[in-house]
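Student:
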Amino acid sequence: MPSASGLPALRPLISGKGDSIMDITILSSAESEDATLWANYLSSCFQEIPKEENRPPFKLARVMIENVLMGLPVEGSSGSRLQIVIICPKFLRVLSTSQGVPILATMLQPATVLAMLLGVTAQALEMHQYAGLFRFDQWRKMTVKDKDKTFVGDFLGVAMDVLSRSWQLQQAIQQIKCDTTRSHFSIIPKKVKITQNKVLVLLNDPLCNADKINITVEKTGQKLEITSIKRRNPYTLQFTMPSVCLQMSQLVAINVERNGRSIGHRLVKCECRLRELDQLLKTADNPLAFMCQALGINGGDRDQLDSFLVASLQRNIPPNFNLLNAAMTSNCTRGEAACQIRNGNQLGPAELAEKAGHTSLAQALNSYLQMTELSSMYTYMNAYLKNTTEKPQDFGEGNYLLPRPLSDTYLVPPKARPVTPTGEPPSPRSPFPPTTLNLSHPITNQKTPPSP
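Each residue of the sequence shown is one higher than the last, beginning at 8 in our numbering.
#1: Can you check which of these residues, K237, I220 and N305, is closest to I270 by C-alpha distance?
#2: Report the CB separation of L89 from I31 in whole angstroms; it is logged as a contact under 8 Å.
#3: Span of the alpha helix (DSSP H) holding S314?
#4: Pop quiz: S193 and R273 are said to be a contact at Cβ under 8 Å. What is the actual Cβ separation, rounded to whole angstroms?
#5: Go to G271, then tell me how far its beta strand (DSSP E) extends in each direction, as first and last residue.
#6: Within 10 angstroms of the Cβ of L288, are there 16 or more other Cβ atoms? Answer buried if so, exposed if not.
#7: Measure the C-alpha to C-alpha separation of E380 and Q370 and round it to an integer number of angstroms.
#8: Considering only residues of the same chain and omitting the five flanking positions on each side of I91, which have a CB-CB separation below 6 Å?
#9: Considering only C-alpha positions, which residue in the set L244, T243, T247 and C277 is nearest to V259?
#10: Give the C-beta separation of M71 and A118 to the nearest angstrom, bearing in mind that I take them to be a contact with Cβ-Cβ under 8 Å.
#11: For I56, I'd like the list of residues in its chain whose CB is within less than 7 Å of its CB, leaving aside the five on either flank, ordered along the chain.
#12: Does the region 146-156 come close enough to the region 193-203 to have 3 or more Cβ pairs within less than 8 Å?
#13: I need the straight-line Cα distance from G78 to E343, nearest angstrom please.
#14: Which residue comes first and which comes last in the alpha helix (DSSP H) that contains L111?
#15: Taking all protein chains shown into account, do 16 or more other C-beta atoms lie within 10 angstroms of the C-beta of K398, making it buried, or fewer, making it exposed?
#16: The ligand ZN heavy atoms versus the CB of N221: any closer than 7 Å?
#17: Rounded to whole angstroms, how far is the Cβ of I94 from the Cβ of L132, which I believe are closer than 8 Å?
#18: Look up L34 in the DSSP assignment and give the residues it is bridged to.
#19: Taking only the alpha-carbon atoms, compute the straight-line gap between D310 and A296 and give it to the nearest angstrom.
#20: Please confirm if T227 has its CB atom under 8 Å from at least one CB of chain D.
#21: Near N350, what residues of its chain come up, given a Cβ to Cβ distance below 8 Å and the 5 sequence neighbours on each side ignored?
#22: Within its chain, find whatever has a CB closer than 8 Å to the CB of I222; leave out the 5 residues flanking it on each side and keep chain order.
#23: What do you get for S87, buried or exposed, if any count of 16 or more other CB atoms within 10 angstroms of its CB means buried?
#24: Please state whether the Cβ-Cβ distance between S84 and M114 is less than 8 Å.
#25: What distance in whole Å lies between the Cβ atoms of L312 and C299, which are believed to be in contact at a cut-off of 8 Å?
#26: Are the beta-carbon atoms of L210 and M384 separated by less than 8 Å?
#27: State the beta-bridge partners of S193 as determined by DSSP.
#28: Taking 8 Å as the cut-off, decide whether the C-beta atoms of D41 and L102 are in contact.
#29: Would you report the Cα separation of N266 and D218, rounded to the nearest angstrom?
#30: Return the first residue and the last residue of the alpha helix (DSSP H) that M298 is part of.
#31: According to DSSP, simplified to helix, strand and coil, what is K226?
#32: CA-CA distance, R322 and S314?
Below you can see the structure in the form of structure tokens.
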């Protein structure tokens, strides 16, 4: 049944529980005719794209901002792979006068949002009162221009890129599940460092003396064969992670073959020294004092520490190490943030390199950003799946022989509250107890200790 605005209702577009998540959700305002025309046009485009490629049609949902702010059910739209938001002046006016803004903020995910600015500038959107709640600065935004023939093609290209990224993330999650179910061994530890480069392979089935074991480490498409493998016992194998895998933080796959037959593979995270330093500084209560104490700088002088670090960096960088060899400097601390800084013309390092003709440098910077994005995304999803599948242990009377968790053993006490004197003279002591409680008395006031 069509709704009052001439658009199909939301519920018929949503099937059963297994297929309730939408592929594409288009959010617009019912009061804007221009936004409705754009929503109808985009819906027809997304319905024609699968037909041309002989693929199943997209699961598409049309959502009105008025319905969301009123609390009407929009199942499947919050987890859709692509969320297109058509922002117009009427959209912002409805958003400013409604009380259901938290519902809409929960529904929209910045990683999957593509905003179409229809009569609204990006600066006005970022200066909105709810810019921090919706994280507008993290949205992908494209402005509609008059007589722009290439806008539709560019917009659909960015939309399909968001869909492909979501599909790759889903495939990575499925690959993690397949790894945990098909592999016939486990790896200890999950994170390998330069100071701890020994890896243990714990097999599910014991080995015989005649069995031949081959272990290969796959790093960015390159396979490294392990030549030295120690058999600790029939169930345990030990080898050393190659040093080439520890030069930068990355994910590697460990493949194990038994008598020429693969028994599975596991993913291991290799961390460089800069990553270890980053973790130490995050766990320290005062990172500045920690660095000064480690480097022998007295007084915790920030300027002296900065000068020492700059001199050390210049001393360890080879001569003539200019911007054309920036692939190694991107692995330094805060290298990812440096690659995303933009100048006054809103151009990043990769765009500046591409504009100046340094295509190899631009490709290296873009590859580094993609690698860090996928690595952080994989770590987050792996931790999320681990927390959802594993049940917490109950350290009650039944498990009294098990050790307590580390978080319960070492607790950091809270900071002491400052003592603020009230300046009132102490009252004379009375041999009889007072009948009423005077909160201004020093004995009953907890902020000021009683005088002797």
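Don't be surprised by glycine CBs; every beta carbon is placed ideally from N, CA and C.
Since this is a predicted model, take the numbers as computed values, not measurements.
Tutor: Taking the geometry as given:
#1: Nearest to I270 by alpha-carbon distance, out of K237, I220 and N305, is I220.
#2: The pair is a contact, with the Cβ atoms about 5 Å apart (cut-off 8 Å).
#3: Residues R309 to N323.
#4: With 8 Å as the limit, S193 and R273 qualify as a contact, their Cβ atoms being about 7 Å apart.
#5: Where G271 is concerned, the enclosing beta strand (DSSP E) stretches over R268 to C277.
#6: It is exposed - the Cβ of L288 has fewer than 16 other Cβ atoms within 10 Å.
#7: Separation of E380 and Q370 (C-alpha to C-alpha, rounded to the nearest whole angstrom) is 15 Å.
#8: Only I33 and L121 meet the Cβ criterion.
#9: When only C-alpha atoms are compared, the closest one is C277.
#10: About 23 Å separates the two Cβ atoms, so there is no contact after all.
#11: Apart from sequence neighbours up to five positions away, no residue of its chain approaches I56 with a beta-carbon distance below 7 Å.
#12: With a cut-off of 8 Å, the region 193-203 and the region 146-156 do not count as touching, because too few Cβ pairs lie within range.
#13: Cα-Cα distance, rounded: 39 Å.
#14: From DSSP, the alpha helix (DSSP H) with L111 extends over V108 to M114.
#15: The predicted model places K398 with a pLDDT of 49, which falls under 50 and marks its position as unreliable, so this point remains unresolved.
#16: Ligands are entirely absent from the displayed structure, and the ligand ZN is therefore not among its contents.
#17: The Cβ separation is near 7 Å, so the contact holds.
#18: Assignment of beta-bridge partners to L34 by DSSP yields V70 and V92.
#19: If you take the alpha carbons of D310 and A296, they lie about 13 Å apart.
#20: Of the protein chains in this structure there is only one, and it is not chain D.
#21: Spatial neighbours of N350 in its own chain (CB-CB distance under 8 Å, excluding positions within 5 residues in sequence) are listed in chain order as L359.
#22: Closer than 8 Å at Cβ, skipping near neighbours: V208, E232, I233, I236, L244, F246, I261, N262, V263 and E264.
#23: Around the beta carbon of S87, 16 or more other beta carbons sit within 10 angstroms, so the residue counts as buried.
#24: Contact check for S84 against M114 passes: the beta carbons are separated by less than 8 Å.
#25: Right, their Cβ atoms sit about 6 Å apart.
#26: Cβ distance not < 8 Å, so L210 and M384 don't count as in contact.
#27: DSSP output for S193 lists L209 as bridge partner(s).
#28: Judged by beta-carbon spacing, L102 lies beyond the 8 Å limit of D41, meaning their Cβ atoms are not closer than that value.
#29: About 6 Å.
#30: From DSSP, the alpha helix (DSSP H) with M298 extends over P294 to L302.
#31: Residue state, collapsed to three classes: strand.
#32: So the alpha carbons of these two residues sit roughly 12 Å apart.
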